Amino acid sequence: MTTDSLLQRRFRVLGRNSPLFYDEPLHLVRGDGVWVYDAHGKRYLDAYNNVPHVGHCHPRVVEALCNQARTLNSHTRYLDETVVNYAERLLSTFDASLNRVFFTCTGSESNELAMRIARECTGNMGVISTAYAYHGNTAAVAQISSVFTPPSKRGPFVRNVPVIDPYRERNGRSDEELADTYVQDLQHAIADFERDGVKLAAVLFCTAFSSEGLPELPRGYLPKVAAAVHAAGGLVIADEVQAGFGRFGSHMWGHALQGMVPDIVTMGKPMGNGHPLAGVVTTEDLMERFTSENMYFNTFGGNEVSSAVGLAVLDVLRDERLLENAQSVGTYVLSGMRALQKRHPLIADVRGKGMFFAVEMVTDRETREPAGARTKAVVNAMRQRGVLISRIGPHDNILKIRPPMSFSTQNADLLLATLDTVLSTES
Ligand SMILES: Cc1ncc(COP(=O)(O)O)c(C=O)c1O
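Our numbering numbers the first residue of the sequence shown as 1234 and each following residue consecutively.
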């Protein structure tokens, strides 16, 4: 089976618009830690994927999955100790006020449920997201996923705030001034709703602002957002699908890193290391108010196997000290990227934290003109040389580098050396 014939077969059954990475799509057949292997046996360094959060096919996660699948897997309407153990362990990583959890199967489902809770409990309908956000694929969530949904399809109950871009917009301003400016954007969106007689139910944002380009948030910005949302009668929904489970190294959750306590937290991707496990964490009060009016259950969400997998992921994060690893290796990657920035004019800004990095590319550092086409070429050239990364941002000019949490300094050296070679060839 050649890659091309598999591609043609895929087109015939999954359609031509089902997204695939890279100009030359990858046919992967095996994964192990930070490595994946294609059908020809070529090895690639995975510096992109947060789904295999603790590493591809981690033996402890696989063992937990197989053991539980061999023992019992039904659905979620029986008593089961593993799901309670998992819920207790997961909730212990949150602020004490966030003490209830719903389990789901995808991040989309989690955001859908979070919006339902917010609308039900506030009695309001308006939801605000950013102008370049991705939160999932259900009908309601697609309306706030501005990256793929044009304004004409967002409906009357959605408003967007502009993407924040401190790299271009700081203009000598302090964090406080910048945060205040960005909160004014939010106030404008709330006022715009009010003009149309719509009241605010929630603001929903990814705490990494990942699709938006992983901007370096001005200190104090998210606490100010929360205060403004609450003053308008809405709730704060923090989407931790990308930032959660220690991605930033110093904190388990992106909102905690920013010093903010949301009303509702949604999570997914890394939670099950590839197994479809996701969730919504909220307060006792919000859960009680929502569930007393709405019967909610989820056949697969948090079933016996999913809970065993979720527990194994938390065990591995703890036992392999992967948050600490993200911090130390992350610092090493950032300094390596900044050294490359000095030698390669294409690199305009390097930012990130823990195991999440953004490398912004411009054609001219004075005008800061986004270098979208060249960034695409870099991503494809990296893939040809065996290192997997991607790109983000409204202009697709920002390298997105977000490896499994077990990424080592040796892996970082390979990433940096390959990027150096590619930039020397591309520039
Ligand atoms: C921030 C964010 N939220 C939600 C989702 C949707 O998650 P899922 O694809 O599991 O439905 C994604 C997926 O890319 C995401 O990045």
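We treat Cβ as the ideally placed atom computed from N, Cα and C, and that holds for glycine.
Source: prediction; values computed, not measured.
- Residue 1516 and residue 1336 have their alpha carbons spaced roughly 14 Å apart.
- At a cut-off of 6 Å, the beta-carbon of residue 1479 does not count as near ligand 1: no heavy atom of the ligand is closer than that.
- Looking at the DSSP output, residue 1582 shares a beta bridge with 1593.
- In terms of Cβ geometry, residue 1578 and residue 1280 do not form a close pair [threshold 7 Å].
- Distance from the CA of residue 1348 to the CA of residue 1536, rounded to the nearest whole angstrom, comes to 23 Å.
- Between the alpha carbons of residue 1359 and residue 1582 lies a gap of roughly 35 Å.
- As the crow flies, the alpha-carbon of residue 1275 is around 39 Å from that of residue 1345.
- Residue 1367 sits in coil when the DSSP states are folded into three classes, being neither helix nor strand.
- By the C-beta density criterion, residue 1442 is buried, having at least 16 other C-beta atoms within 10 angstroms.
- Between the C-alpha atoms of residue 1592 and residue 1270 there is a straight-line separation of about 26 Å.
- Look at residue 1263 here: in three-state DSSP terms it is strand.
- Along the stretch 1585–1648, the beta strand (DSSP E) occurs as fully enclosed runs of 3 or more residues at 1589–1597, 1623–1625 and 1631–1634, listed in sequence order.
- Just measuring C-alpha positions, the residue of 1615, 1482 and 1488 sitting nearest residue 1471 is 1488.
- Per DSSP, residue 1254 is not a residue of any alpha helix (DSSP H), being assigned neither H nor E.
- Scanning its chain for C-beta atoms nearer than 6 Å, with the 5 sequence neighbours on each side dropped, one finds around residue 1522 the residues 1354, in chain order.
- Unbroken beta strand (DSSP E) runs of no fewer than 3 residues, entirely contained in the stretch 1380–1428, are found at 1391–1394, following chain order.
- At a Cβ-Cβ threshold of 7 Å, residue 1634 and residue 1446 do not count as neighbours.
- Nearest to residue 1278 by alpha-carbon distance, out of 1432, 1649 and 1495, is 1649.
- The stretch 1497–1506 makes no contact with the stretch 1450–1461; the number of CB pairs closer than 8 Å stays below 3.
- With a cut-off of 6 Å, the C-beta of residue 1367 is classified as near ligand 1, since at least one heavy atom of the ligand falls inside that distance.
- In the DSSP assignment, the residues bridged to residue 1472 are 1439 and 1499.
- Between ligand 1 and residue 1475, a heavy atom-to-CB distance of less than 6 Å is present.
- At the C-beta level, residue 1301 and residue 1541 come within 7 Å of one another.
- CA-to-CA, the gap between residue 1240 and residue 1606 works out to about 24 Å.
- For the pair residue 1513 and residue 1343, the Cα-to-Cα distance works out to about 6 Å.
- At least one heavy atom of ligand 1 lies closer than 6 Å to the C-beta of residue 1341.
- For residue 1388, the closest alpha carbon among the candidates 1408, 1429 and 1307 is that of 1429.
- The closest heavy atom of ligand 1 lies less than 6 Å from the beta carbon of residue 1472.
- Taken atom to atom, the span from the alpha-carbon of residue 1260 to that of residue 1236 is near 6 Å.
- Residue 1409 is classed as exposed because its beta carbon has fewer than 16 other beta carbons within 10 Å across all chains shown.
- Within 10 angstroms of the beta-carbon of residue 1528 lie fewer than 16 other beta-carbons, which makes it exposed.
- Judged by pairs of C-beta atoms under 8 Å, the stretch 1561–1571 does not touch the stretch 1458–1471, as fewer than three such pairs exist.
- Per DSSP, residue 1269 is one residue of the beta strand (DSSP E) stretching across 1268–1271.
- Set against 6 Å, the gap from the CB of residue 1501 to the closest heavy atom of ligand 1 is smaller.
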